[in-house]
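The numbering of the sequence shown is the numbering used here, which starts it at 274 and goes up by one. Every residue gets a Cβ at the ideal spot worked out from N, C-alpha and C, and that includes glycine.
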Amino acid sequence: MWRIGTNYSSLSTRSTRFLSPKSCSAPPSATCRGKATVSAPSSGSSSTFASRVEPSSLASSADSARPSIVHSLLAVCAGVTTVSTVAAVVEQSTGNDVPHFDVNADRFDQNTFQGRFSKMLLSCDPRLLLYSSEEVQQAAELVYNADALIACPPEAVKNIHRTLWEAHRIASSGTNDGDPVPRPFRMSGYVPFNGPICAAMVCSSGTPSLLFFNWLNQSQNAGVNY
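#1: Spell out a yes or no on whether the segment 453 to 470 and the segment 482 to 496 are touching, meaning 3 or more CB-CB pairs, one atom from each, closer than 8 Å.
#2: Out of His434, Val430 and Thr448, which has the shortest C-alpha to C-alpha gap to Ser405?
#3: Output needed for Asp382: all residues of its chain with C-beta closer than 7 Å, excluding positions within five of it in sequence on either side, in chain order.
#4: Starting from the Cα of Glu439, find the closest Cα among Ala360, Gly496 and Thr385 and give me that residue.
#5: With a 10 Å radius around its C-beta and 16 neighbouring C-beta atoms as the bar for buried, classify Cys397 as buried or exposed.
#6: Across the segment 408 to 419 and the segment 455 to 464, are there enough close Cβ pairs to call them in contact, namely three or more that are closer than 8 Å?
#7: For the alpha helix (DSSP H) containing Arg389, name the first residue and the last one.
#8: Report the three-state DSSP secondary structure of Asp452 (helix, strand or coil).
#9: Drop a sphere of 10 angstroms on the beta-carbon of Ala429, count the other beta-carbons inside from all chains shown, and report buried for 16 or more, exposed for fewer.
#10: Between the alpha carbons of Cys476 and Leu395, how many angstroms are there, rounded?
#11: Does DSSP put Ala361 in a helix, a strand or coil?
#12: Taking its Cβ as the centre, do 16 or more other Cβ atoms sit within 10 Å of Ala378, making it buried, or is it exposed?
#13: Compute the beta-carbon to beta-carbon distance between Ser391 and Val363, rounded to the nearest angstrom, for a pair I have assumed lies under 8 Å.
#14: Throw me the rounded Cβ distance for the Arg400 and Ser357 pair, which I believe falls under 8 Å.
#15: If you reduce the DSSP assignment to three classes, tell me which class Asp420 lands in.
#16: Is the separation between the beta-carbon of Val464 and that of Val376 shorter than 8 Å?
#17: Output the distance between the C-alpha atoms of Gln410 and Gly496, rounded to the nearest integer angstrom.
#18: According to the Cβ coordinates, are Phe466 and Met474 closer than 8 Å?
#19: Compare the beta carbon distance of Val374 and Leu437 with 8 Å and say whether it is the shorter of the two.
#20: Going by the CB atoms, is the gap between Val349 and Arg435 shorter than 8 Å?
#21: Rounded to a whole number of angstroms, what is the C-alpha to C-alpha distance between Ser341 and Gly479?
#22: Tell me where the alpha helix (DSSP H) around His373 begins and ends.
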């Protein structure tokens with residue numbers, strides 16, 4: 274009994290020495306018998322790891338957040354469709370209440386927000402781009418002969434004043450003081466031509482492309498406002 278107790282005490286002493294951290298040559302993150310365990314990195318290594326990972330993760334998150342070209346073009350098409358539809362609704366709903374035609378006046382009351390909004394909406398109607406140069410010239414001739422048409426309106430025209438207001442809108446959208454205006458620089462072309470430029474600016478991933486489309490956007494705005 275004495276020998277068994279002595280051997281057990283010596284065995285426990287040896288096992289304690291074997292399992293003590295001082296006698297283990299392996300790093301603290303692993304056990305002495307080859308069973309590796311993963312330990313949390315220290316504060317210095319975590320900061321170094323974060324500094325190495327953050328730029329790539331930020332770049333990937335920025336790329337994933339940037340809309341694709343297809344989504345941007347769909348947004349442009351939706352904008353063109355929306356403006357055209359709302360302009361058609363406004364023109365149809367106010368067609369029977371138009372004032373008498375006056376080339377120096379406005380169709381809508383500019384003292385109200387609704388009147389100013391309706392005027393700008395009909396000016397930006399993309400459907401005006403579909404008229405050819407001959408049709409624009411014919412509309413300008415109708416406006417020029419407005420007094421004669423009001424005095425003796427054609428039988429096929431139900432509301433001569435509405436016809437003249439619409440002819441004035443078509444003629445003024447394609448010409449400026451009688452000179453033809455290129456389609457990208459018309460108010461009616463602002464949404465369909467400026468929309469893709471803005472979409473390209475949003476989808477640009479590099480500085481040169483972003484600067485180029487920004488310059489193109491400002492040039493198109495200058496041409497419209499000229």
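Straight from the coordinates:
#1: yes
#2: Thr448
#3: Here the set comprises Gly388.
#4: Ala360
#5: buried
#6: With contact defined as three or more Cβ pairs closer than 8 Å, the segment 408 to 419 and the segment 455 to 464 are not in contact.
#7: Phe386 to Ser396
#8: strand
#9: exposed
#10: 30 Å
#11: helix
#12: Residue environment analysis places Ala378 among the exposed positions, since fewer than 16 neighbouring C-beta atoms fall within 10 angstroms of its C-beta.
#13: 5 Å
#14: 5 Å
#15: Asp420 falls in the helix class under three-state DSSP.
#16: no
#17: One Cα belongs to Gln410, the other to Gly496, and the distance between them is close to 22 Å.
#18: no
#19: Per the sequence shown, the amino acid found at residue 374 is Phe instead of Val. Yes, the Cβ-Cβ distance between Phe374 and Leu437 is below 8 Å.
#20: no
#21: 15 Å
#22: Per DSSP, His373 belongs to no alpha helix (DSSP H) and is neither H nor E.
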